[in-house]
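**Q** Mapping the sequence shown onto the numbering used here, position 101 (from 1) lands on 192, and the numbers just tick up by one.
Backbone N, C-alpha and C fix where the C-beta goes; we use that ideal spot for every residue, glycine too.
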Amino acid sequence: MRRAENLHAILVTIVLTLVCYAVPSSADTLVTTETVSRIAFGSCNSERKPQPLWPVIAKDEPSLWIWTGDNIYADTEDAQVFRAKYDQQLEHPGYGAFARRVPFMTGTWDDHDYGVNDGGNEYPKKELAKAELYRFLSVPDDDVSRERPGIYRHYDYGPADQRVRVILLDTRWFRDPLQRTEGPDRSYIPNTVGTVLGDAQWTWLETQLSDPEPEVTIIVSSIQVVASEHRFEKWANFPNEQNRLYELLSKYQGGKVFVISGDRHAGEISAESVKSGPTPLIDVTSSGLTNTWSRQFDETNSRALGPKVIENNYGLIEIDWRDAASPVVTISIKGTEGVIQATTL
Ligand SMILES: [Fe+2]
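Listed below in structure tokens is the structure:
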């Protein structure tokens, strides 16, 4: 009898262990219960160009890789072009070795892998682009985000007291058209009535942020949230939406929510005070893996912390869990040799 009880206990332990470490099913957003201490991310990656950074990033041994947009340069409405370009990326030998080594991969899109430069809700091939991105990222067939418009979704990583939540925003599908000046430079002017996220994504985002469970939350926005003075794409092109995000974060930021972004062909760290947050909101932009400006350029960013990075770069999030109740998060932008070029430290 006692032997049977012991056998039963052993079987229960084995089953529970398998359940804990199994890849979660379908709608489950908990990806792993193993502690995640290093997350790498990057953007602006041409599938046609040499990609020397993959072995450099691998040396940092991230548990998770996050594509932050412009993961390929598709710029098309043609499914075959999407497929061929994603396949070219998947077959890139450096990327293939990297992908086999990193346990988890996820990501969002920006304009070029959405299908059109600076595109928004007017782009007609959203569903097609979503299907190809999800194929590229191996998003499960029953992922809850497949049943709704857009690609916004979240995933959780780590044990219950060391939980990291990655919130992947979709800044393209619902975004109203940009407004531009007349004349030769056609620069953007603030659109004070349009939306970036759309109603459903806003509601969903507040649900994610109001959950007290995660110790660390990473918001992935393909376009910059904080840097507001340059003439390119940014949340500040929709000032009402930028303020709405700041107000939401002022309720929930608590020093544990960080933004990462891409798109700009340069890396930089920007900081903005949000009302009740004990620390400024940090937006770390890493761009790009292959596409960067070839020279320094004058650009005002009064919220910048440190220099602009114009060599090819990636981002690294490091979480020190020694005090699990108050983990220390450091986010760095690292260059072609893996050397830190800018850091929140
Ligand atoms: Fe972009």
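Does ligand 1 have even one heavy atom less than 7 Å from the beta-carbon of His245?
**A** no
**Q** Is it right to say Asn334 is buried, meaning 16 or more other beta carbons lie within 10 angstroms of its own, or is it exposed?
**A** exposed
**Q** Whole angstroms are fine: how far does the CA of Glu238 sit from the CA of Ser117?
**A** Here Ser117 scores only 34 on pLDDT, less than 50, and its place in the model should not be relied on; the value that follows carries that caveat. Distance between the alpha carbons of Ser117 and Glu238: 12 Å.
**Q** Given a threshold of 16 other Cβ atoms within 10 Å of its Cβ, counted over all protein chains shown, does Leu235 qualify as buried or as exposed?
**A** Here residue 235 is Val; the residue named in the question, Leu, does not match the sequence. With fewer than 16 Cβ atoms within 10 Å of its Cβ, Val235 is classed as exposed.
**Q** Assuming Thr159 is part of the alpha helix (DSSP H), what are its boundary residues?
**A** Counting along the chain, Thr159 falls outside any alpha helix (DSSP H), and DSSP gives it neither H nor E.
**Q** Assuming contact is defined by CB atoms lying nearer than 8 Å, are Asp290 and Gly160 in contact in what I supplied?
**A** no
**Q** Relative to the C-alpha of Arg266, which candidate in Pro305, Gln292 and Ser361 has its C-alpha closest?
**A** Gln292
**Q** Kindly give me the distance between the Cβ atoms of Ser377 and Gly406, rounded to whole angstroms, as I take these residues to be in contact under 8 Å.
**A** 4 Å
**Q** Less than 8 Å separating the beta-carbons of Tyr343 and Ser301?
**A** yes
**Q** Label Leu436 either buried or exposed according to how many other C-beta atoms from any shown protein chain fall within 10 Å of its C-beta, with 16 as the threshold for buried.
**A** Leu436 comes out exposed.
**Q** Just the Cα atoms here: how many angstroms apart are Asn392 and Pro146?
**A** 32 Å
**Q** For the segment 216-225 and the segment 155-175, state whether three or more C-beta atom pairs, one from each stretch, are separated by less than 8 Å.
**A** yes
**Q** What does the Cβ neighbour count give for Phe388, buried or exposed, with the cut at 16 atoms within 10 Å?
**A** exposed
**Q** Does DSSP classify Val235 as helix, strand or coil?
**A** helix
**Q** My parser needs the beta strand (DSSP E) runs of 3 or more residues fully inside the segment 339-388; what are they?
**A** 348-352, 359-363 and 372-376
**Q** According to DSSP, Ile438 sits in a beta bridge with which residue or residues?
**A** In this structure the chain extends from 92 to 436, so residue 438 is not present and cannot be described.
**Q** Reducing DSSP to helix, strand and coil, say where Val287 ends up.
**A** coil
**Q** Compare the beta carbon distance of Phe349 and Ile314 with 8 Å and say whether it is the shorter of the two.
**A** No, these two residues do not count as a Cβ contact at 8 Å.
**Q** Between His321 and ligand 1, is the CB less than 7 Å from at least one heavy atom?
**A** no
**Q** Under 7 Å from any heavy atom of ligand 1, does the C-beta of Asp354 make it?
**A** yes
**Q** Quick check: the segment 241-250 against the segment 194-202, are at least 3 beta-carbon pairs closer than 8 Å?
**A** yes
**Q** Look at Thr283 and Asn331 and say whether their C-beta atoms are less than 8 Å apart.
**A** yes
**Q** Please look up how many angstroms separate the CB atoms of Thr437 and Trp412, rounded, as I've assumed it's under 8 Å.
**A** Because residue 437 is not part of the residues shown, which for the chain are 92 to 436, the question remains open.
**Q** Below 8 Å on the Cβ atoms is my guess for Val193 versus Pro153; work out the distance and round it to an integer in Å.
**A** 6 Å
**Q** Apart from the five residues just before and just after Asn208, which ones in its own chain have a Cβ nearer than 8 Å to its Cβ?
**A** Asp166 and Asp202
**Q** Could you tell me which of Phe173, Thr434 and Phe189 sits nearest to Asp204, measuring between CA atoms?
**A** Phe173
**Q** Figure out for me which residue from His321, Ala131 and Leu228 has the closest Cα to the Cα of Ile424.
**A** Ala131
**Q** From Pro418, Glu409 and Ala416, pick the residue whose C-alpha is nearest to that of Asp42; which is it?
**A** With the chain represented from 92 up to 436, any question about residue 42 goes unanswered, as that position is not in the structure.
**Q** Of the residues Phe189, Thr308 and Gln180, which one's Cα is nearest the Cα of Lys140?
**A** The residue from Phe189, Thr308 and Gln180 with its alpha-carbon nearest to that of Lys140 is Gln180.
**Q** Would you mind stating whether Glu359 and Lys399 have Cβ atoms separated by less than 8 Å?
**A** yes
**Q** Within its chain, find whatever has a CB closer than 7 Å to the CB of Thr421; leave out the 5 residues flanking it on each side and keep chain order.
**A** When the five nearest sequence neighbours on each side are left out, the beta carbons in the same chain lying within less than 7 Å of the beta carbon of Thr421 are those of Glu409, Thr434, Thr435 and Leu436, in order along the chain.
**Q** Report back the beta-carbon spacing between Leu296 and Leu339 to the nearest angstrom; my notes put them in contact at under 8 Å.
**A** 7 Å
**Q** Using three-state DSSP, classify Val172 as helix, strand or coil.
**A** helix
**Q** Our contact map puts Ile157 next to Val257 with C-beta atoms below 8 Å; I'd like the distance itself, whole angstroms only.
**A** Contact between Ile157 and Val257 holds, with the beta-carbon distance rounding to 7 Å and staying under 8 Å.
**Q** As an exercise, report each continuous alpha helix (DSSP H) stretch of at least 4 residues that is fully enclosed by the segment 211-255, in chain order.
**A** 217-228
**Q** When every heavy atom of ligand 1 is checked, does at least one fall within less than 7 Å of the C-beta of Asp201?
**A** yes
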